[in-house]
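For reference, the structure is listed below as structure tokens.
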Amino acid sequence: MELTRLRGFRDLIGADARAMSLVEERARAIFDRYSIKEIRIPVLERTQLYSRSSGETSDVVEKQMYTFTDRDEGETAVALRPEGTPGVVRAYVEAGLDRTDPEQRLFYSGPMFRRERPQKGRYRQFYQFGVEIFGRPDAASDAELLIMIDELCRDLKLPFTMEVNSIGDQKCRPAFREALVQWGRAHWDELDDDCHNRIDRNPLRLLDCKRDAKVTESAPKSLDYLCDECRAHFDTVKELVTAANVQYVVNPRMVRGLDYYTRTAFEVMAGGLGAQSTVVAGGRYDGLVETMGGAAVAGIGFAIGVDRMALAVEAAGKTQPKKPAVVIVPLGKTMTPQANVVAQEFRSAGLDTELFSPERKLKALLGRASKIGTEFVVIIGEDENARGVVQLRDLKQSGQQAVTVQEAIESVKNSPNK
Ligand code: HAM
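Using this note's numbering, read the sequence shown as starting at 25 and increasing by one per residue.
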């Protein structure tokens, strides 16, 4: 086949799509319970939005964005969104919420695009389910998000680890950056070219140098450079999370790949995923709204990597293939109207119901019913219809009896396997 999909782009069919939906459904249900409201933002934005927020020197902006020039008069540079946070901040400021109603709790979901090297759990189109909280500078909101993420991971029955760190703020970060630059220069020979570049351009990312993880063991740690306010904030976050019985570890070497973070940063890793195991990541970004032209409003948020979370759910064996509780078989085209009515009655009773073609042989249809894993078949023929009944066939017991539609619904409902 010539017109195949692009590298790093996926078709999700059947169980794979189902696992993604399951993650999204559970996240939506939990976010609802935390009173977080939905926001929908565009997939295409000005390229500048991302260079200003995610960071000119971040990998995302420097190497991974899908950008092109629009054919409008101004030849606007536009980009497919590589993440949701900048768009949400832009929408928040553009709607004037930073001034009129700054405390907002928002969630978004949808595809993101990054031109990364594809591998298991890393795709060029992937899905995020994210949350952004505005107007809450207090540590209680950091803790609330960590508690909520813990609840989601437990709800999905995943084996997971939560890591937290504080990377300081505008006040204490400069000293930490400087210490990293000094350290980078002193360890020049042990670092590769990519990391040499980071020394001047983005020293925090020196902690992500991959060539030899041992090298960074001697690097300065952000926690040793925190100012009193940042330390007190981090201590309160830890106390509140501990008091809520949420398990976490402090990872003093964690830095995030995007530039806007201040203070609390966190990541959740799930089992069974290999190298790309981070399923949730986020942190505080107190200066970002102002950088984007808004008021000085605090912000904090995170995004779930839905594709990875779905892989973790599948690896943990937590998805059941979806099968109809019952299939309806009309014996011949003339029975189709009645079959539609009966199918609707089953659906109204809350049962997943599939209507089969009236144009195939009964034997073939029964074979197909077994194949898709349904347990009950309701057969609608001329005689039965005239008598006001249907034939209910139990594929497991191989039995069949004439019953009313209501009796058939009760039997299917009461089946332990439905
Ligand atoms: P991020 O760490 O760049 O943060 O991405 C968040 C999550 O998205 C990652 O932990 C991962 O699960 C998933 N992800 C990222 N890239 C890929 C990819 N190429 N393939 C599959 N999954 C991927 C952000 O995007 C921030 N906007 C999060 C945030 C919200 N911080 C504050 N608010």
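Every residue, glycine too, gets a C-beta built ideally from N, C-alpha and C.
DSSP three-state assignment for residue i, whether helix, strand or coil
i      : result
Val351 : strand
Ile157 : strand
Gln368 : helix
Thr288 : strand
Thr360 : helix
Asn438 : helix
Pro276 : coil
Val427 : strand
Ala101 : strand
Thr17  : Residue 17 lies beyond the residue range present for the chain, which begins at 25 and ends at 442; the question has no answer from this structure.
Gln149 : strand
Ser394 : helix
Thr71  : helix
Ala294 : strand
Leu36  : coil
Glu86  : helix
Leu130 : strand
Ile403 : strand
Gly385 : In the sequence on display, residue 385 carries Lys and not Gly. Of the three classes helix, strand and coil, the one that applies to Lys385 here is coil, per DSSP.
Residue span of the beta strand (DSSP E) that contains residue i, given as start and end
i      : result
Thr398 : Thr398 -> no beta strand (DSSP E), and no H or E assigned at all.
Arg141 : Note, Arg141: premise wrong, no beta strand (DSSP E); not H, not E.
Phe76  : For clarity, residue 76 is Arg in the given sequence; the question names Phe instead. Careful: Arg76 lies outside any beta strand (DSSP E) and carries neither H nor E.
Val117 : Counting along the chain, Val117 falls outside any beta strand (DSSP E), though it belongs to the alpha helix (DSSP H) covering Thr109 to Glu118.
Asp418 : Val414 to Asp418
Thr185 : Phe184 to Ser190
Thr343 : Taken as a continuous stretch (DSSP letters only), Thr343 belongs to no beta strand (DSSP E), as it is neither H nor E.
Leu379 : Thr377 to Leu379
Alpha helix (DSSP H) segment containing residue i, residue limits
i      : result
Gly208 : Arg197 to Ala210
Ile171 : Ala163 to Asp179
Leu12  : Residue 12 is absent from the model: the chain starts at 25 and stops at 442.
Thr93  : First-last for Thr93: Thr91 to Thr93, but that is the beta strand (DSSP E), not the alpha helix (DSSP H).
Arg411 : Glu406 to Arg411
Leu121 : Leu121 to Thr124
Distance between beta carbons of residue j and residue i, contact taken as under 8 Å
i      : j      : result
Val113 : Gly307 : At roughly 14 Å, the Cβ-Cβ gap does not stay under 8 Å, so Val113 and Gly307 are not in contact.
Val401 : Leu419 : 6 Å
Gly192 : Tyr249 : 6 Å
Thr109 : Val102 : Rounded, the Cβ-Cβ distance is 18 Å, inconsistent with contact.
Gly219 : Cys233 : The question names Gly, but residue 219 is Cys in the sequence shown. That pair is a contact at about 4 Å.
Leu68  : Leu104 : 6 Å
Arg255 : Gln300 : Incorrect: roughly 32 Å between the Cβ atoms, too far for contact.
Glu314 : Val304 : Actually they do not touch by this definition, with Cβ atoms about 26 Å apart.
Ile433 : Ile352 : 12 Å between Cβ atoms; not a contact.
Pro106 : Gln128 : With a Cβ gap of about 23 Å, Pro106 and Gln128 do not count as contacting.
Ala268 : Ala43  : Not confirmed; about 28 Å, so no contact.
Ala336 : Thr260 : Wrong, their Cβ atoms sit about 30 Å apart, outside the cutoff.
Residue i Cβ short of 6 Å to ligand 3 heavy atom set
i      : result
Glu140 : Because ligand 3 does not appear in the structure shown, any question about it cannot be addressed here, the ligands present being ligand 1.
Query raised in the report: What are the complete beta strand (DSSP E) segments, minimum 3 residues, inside the region 215-270?
Result: Whole beta strand (DSSP E) segments, 3+ residues: zero.
Query raised in the report: Unbroken beta strand (DSSP E) runs of length 3 or more, entirely within the region 303-341: which are they?
Result: Within the region 303-341, complete beta strand (DSSP E) segments of at least 3 residues are found at 323-329, given in chain order.
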